[in-house]
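What the sequence shown shows, in this note's numbering, is residues 274 to 457, in sequence order. By construction, the Cβ of each residue, glycine as well, lies at the ideal position given by its N, Cα and C atoms. As the structure is a prediction and not an experimental result, all values here were calculated from the model. Notes to accompany the following structure.
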Amino acid sequence: MEKREFVKQFLKDRKMIGAMRPSSRFLMRKMIGEIDFDKAQVLVEFGPGTGVFTKEVIARMKTDAHFFIFELNENFYEKLKENISDPRCHIINDSAEKVAEYLQKHGFEKADVILSSLPLANFDNELRENILHAASDALHQKGKFLQFQYSTQSKSILKKIFPNVEVGFTLWNLPPAFVYSCQH
Ligand SMILES: C[S@@+](CC[C@H](N)C(=O)[O-])C[C@H]1O[C@@H](n2cnc3c(N)ncnc32)[C@H](O)[C@@H]1O
């Protein structure tokens, strides 16, 4: 069901969706494994799609944590709204670039973790830079920006914005994926 929905949205807007199927549980574990759930008070996700990472974050986040979920695709957004009723979650149908605005609206200055599946390589330079600068500005000094990509194309821009970038990799995803764990 989720796979069919994903292909449908991909065929409507390949650039924005960026993948033909949801991420595998192996990739999900690699991304989520980078999060210190005992410490994370404010978490953010960019581009949840059908919610592969989202569900796991909700299951593991602290009872008093807050989770801001940005999904630009209206169809995915509606489905997430239907399926998630957890009061710790704020599901937002707007672009990731506006992260600071929504954090402030809810009384938060900064996030501890930003988890992103945005297809950065498909974006033009301006949008890519705007989103990464917005993420960097919205993160605590010791916060983590986690991004997966199917290539190393965005590594140099990530390094320009976040001086500390560690790269992981999993073969067990279609396509295989690099996981970037970025800090100031
Ligand atoms: C590659 S899919 C990842 C979906 C899911 N996280 C997964 O890994 O299976 C990228 C997602 O980013 C969303 N997206 C693209 N541009 C966005 C933006 N500027 N702000 C928020 N979401 C965006 C797309 O609609 C899509 O759901």
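Report task. Please state if the CB of K383 and the CB of A411 are separated by a distance shorter than 8 angstroms. Result -> Going by beta carbons, A411 and K383 fall inside the 8 angstroms limit.
Query raised in the report: Under a three-way DSSP split, which group does H339 fall into?
Result: Here H339 sits in strand by DSSP.
Query raised in the report: On the three-pair Cβ rule with 8 angstroms, is the stretch 305–324 touching the stretch 336–346?
Result: Short answer: they touch.
Query raised in the report: Excluding sequence positions up to five away, which residues of its chain have a Cβ less than 6 angstroms from the Cβ of E439?
Result: Setting aside the 5 residues that flank it on each side, E439 is surrounded in the same chain by S454, each with a C-beta closer than 6 angstroms to its C-beta; the list follows chain order.
Query - DSSP bridge partner residues for L388 (one or two, in chain order) - result: In DSSP, L388 forms a bridge with E318 and L419.
Query raised in the report: Would you report the Cα separation of S368 and G320, rounded to the nearest angstrom?
Result: Pairing S368 with G320, the inter-Cα distance amounts to about 9 angstroms.
Query raised in the report: Is it a yes or a no for the stretch 344–362 touching the stretch 322–330, going by three-plus beta-carbon pairs under 8 angstroms?
Result: For the pair of segments examined, the stretch 344–362 was found to touch the stretch 322–330: the number of CB pairs separated by less than 8 angstroms reaches three.
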